[in-house]
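Numbering (the working numbering), first residue to last: 1 to 634. Just so it is clear, CB atoms sit at the ideal spot from N, CA and C, and this is done for glycine as well. What follows is a single structure, written as structure tokens, with notes after it.
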């Protein structure tokens, strides 16, 4: 604490004790032999900055911070952090002597990437200035404004001429030197050009598309199957490190959502997956969820995959629907194209298909001011609808489909080409559209857009994903299952139980698996999920013990109960609001332990009395209460 107090007073006393690190070298390639073969963990012209984080000159960085407007205190803090940093190398687990850093930023420090972005930013400005001064020729495409893309230590340029001199000046100032051995040129339409002569001042590799940049495939043509296969292979490789069969299904569900569904997100933000790729990814996720690793067929999957890939509030297991999620992610391109015209890619074609555009129109409402930003045909600005949706049969005849509202309302330009209409339906649409446009008056205010699915009117990928389930039937309300004071395994079991999907005898017989059809707890009736947990005499004794323990707050299931879902809904009705989550958890624990008793009798040939079975969930609930602090029922 003393060191931290001194730090905020711009002194570095004792701060070295808090600012030391160990370096562990990880090999980048097999048979690594030199120091460059290890990674310390702590035209399109592709450039690689040699040892980017390790090479930044500190005096240069502090001057950049000053020029960017950072105050004296902030710069003093950064200076203390850099000056007091020490490291030691771990060799075979043995720590070596500490040494101070002469330059560079430490790998693994959360502040380092942010400082590196500031350090590399002047390179972008140098190329922009060279373009403005005519040193670099302009890019031909009318919408192209991006000359340099900077990502960590990689840079992509669109021209080689004069680039070497700019890089040399930048290197001298910052200490960041271009690693020519890792640089590459990717020519586009350069068949008649002698690249060897052009690249003589900058002798780097000459490659061809497709290539990979920041994890995404770049190509001059549609992506091939192999480009999608790499995403699938990464998911399959991840399973090899997991012991899926030793995990319960709730733990697997967590890994499916947090890892397997999250790994393709970067790719999905730009590229829609083909149907075959989605099926393969779903097959990997489905097999891991239900079997741990091995391939799962229909008999092993307790819930249909389409139903599993629905939000929990709609009765699903909450697994991400890859196709819907990918579309929700891509809508951000259309949103930022509208709300942030300063982004360098604005003006180029966003990576969105017709379905994406249709969902975006249905999810937004445009308020027209001067009409300079609103697309006449494609944006939802007429009573919350787009003219192309108001007049779908008329739209193909329009000549000026990409013009703005301000342009089309001038001199009735929107009617150009519509004289070719042929049917009475097209004429009716024309009259309806004319009547809507007749009262439109433009103002001096800028156009604005609002997202329908959030309270603040701003796009979010979550709301875009959920919007695609609007109109879907909700099988049952699972909010209390999700929020109940219980463990994940109990919640997962309850989701299956309410849908009567647990593998009781009736389900095993349907799958043609050998089993005894009679209830093992009472040996009186055929075993079903409803009988086992709610109607079996053994189970009723457990529920009766719960009634006595709860002072009649939780009653046994009524004899006329028709389904487990009806029982669940009725059991939680009219209960105190502050107790509902606890009550839901208790119901889960009781049903779970009845199921466990059934399994003990079948697989372990052991049995317990109803009183013992009732005491087991009480012990589990006491442990959970001591760990999580949830209130007791009584």
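Could you give the uninterrupted runs of the beta strand (DSSP E) lying entirely in the region 430-472, keeping only those of 3 residues or more?
List check, beta strand (DSSP E) in window: 448-451.
Restricting to runs no shorter than 4 residues, where is the alpha helix (DSSP H) found entirely within the region 203-242?
Whole alpha helix (DSSP H) segments, 4+ residues: 225-239.
Closest to residue 242 by C-alpha separation, out of 260, 225, 230, would be which residue?
260
Could you say if the region 254-272 and the region 207-222 meet the contact criterion of at least three C-beta pairs nearer than 8 Å?
yes
Tell me residue 95's beta-bridge partners as DSSP assigns them.
Answer is 90, bridged to residue 95.
Does the distance from the C-beta atom of residue 234 to that of residue 289 stay below 8 Å?
no
If you measure between the beta carbons of residue 541 and residue 617, is that distance less than 8 Å?
no
By a C-beta neighbour count over all protein chains shown, 10 Å radius and 16 as the cutoff for buried, is residue 254 buried or exposed?
exposed
In chain order, what residues of the same chain have a beta carbon less than 7 Å from the beta carbon of residue 569, not counting five sequence neighbours either side?
none
When we look at the beta-carbon of residue 557 and count the other beta-carbons within 10 Å, is it buried (16 or more) or exposed?
buried
With distance defined between alpha-carbon atoms, name the residue in 61, 83, 455 nearest to residue 113.
61
When we look at the beta-carbon of residue 72 and count the other beta-carbons within 10 Å, is it buried (16 or more) or exposed?
exposed
On the DSSP bridge assignment, give the partners of residue 363 in chain order.
Answer by DSSP bridge pairing: none, since residue 363 is not bridged.
Please report how far the alpha carbon of residue 344 lies from the alpha carbon of residue 403, in whole angstroms.
21 Å
Please indicate yes or no: does the CB of residue 185 lie closer than 7 Å to some heavy atom of the ligand FAD?
For the ligand FAD, the structure offers nothing, since it holds no ligand at all.
Can you list, in chain order, the residues of its chain with a C-beta nearer than 6 Å to that of residue 494? Leave out the 5 residues immediately preceding and following it.
Non-local C-beta neighbours of residue 494 in its own chain, meaning closer than 6 Å and more than five positions away in sequence, comprise 481, 588, ordered along the chain.
Where does residue 346 sit, in a helix, a strand or coil, going by DSSP?
strand
Here's the rule: buried if 16 or more other CB atoms are within 10 angstroms of the residue's CB, otherwise exposed. What is residue 537?
Counting every other CB atom within 10 Å of its CB across the protein chains shown gives residue 537 a total below 16, marking it as exposed.
Distance check for residue 320 and residue 118, CA to CA, integer angstroms please.
36 Å
Which runs of the alpha helix (DSSP H) fall wholly inside the region 517-601 and span at least 4 residues, in chain order?
537-549, 564-572, 580-599
Is the region 322-331 touching the region 430-447, taking contact as three or more C-beta pairs under 8 Å?
Not touching, per the Cβ criterion.
Using the beta-carbon count (16 or more within 10 Å), is residue 444 buried or exposed?
exposed
Just confirm the distance between the C-beta atoms of residue 296 and residue 286, as a whole number of angstroms; I'd bet it's less than 8 Å.
Residue 296 to residue 286, Cβ: 6 Å. Contact.
Residue 180 and residue 162: beta carbons closer than 8 Å?
With a cutoff of 8 Å on beta-carbon distance, residue 180 and residue 162 are scored as not near each other.
Any contact between the region 186-203 and the region 87-97? By contact I mean 3 or more CB pairs, one from each, below 8 Å.
Contact between the region 186-203 and the region 87-97 is absent: fewer than 3 CB-CB pairs across the two stretches fall below 8 Å.
To which residues of the same chain is residue 506 closer than 7 Å at the C-beta, ignoring the five residues directly before and after it?
Closer than 7 Å at Cβ, skipping near neighbours: 526, 527, 528.
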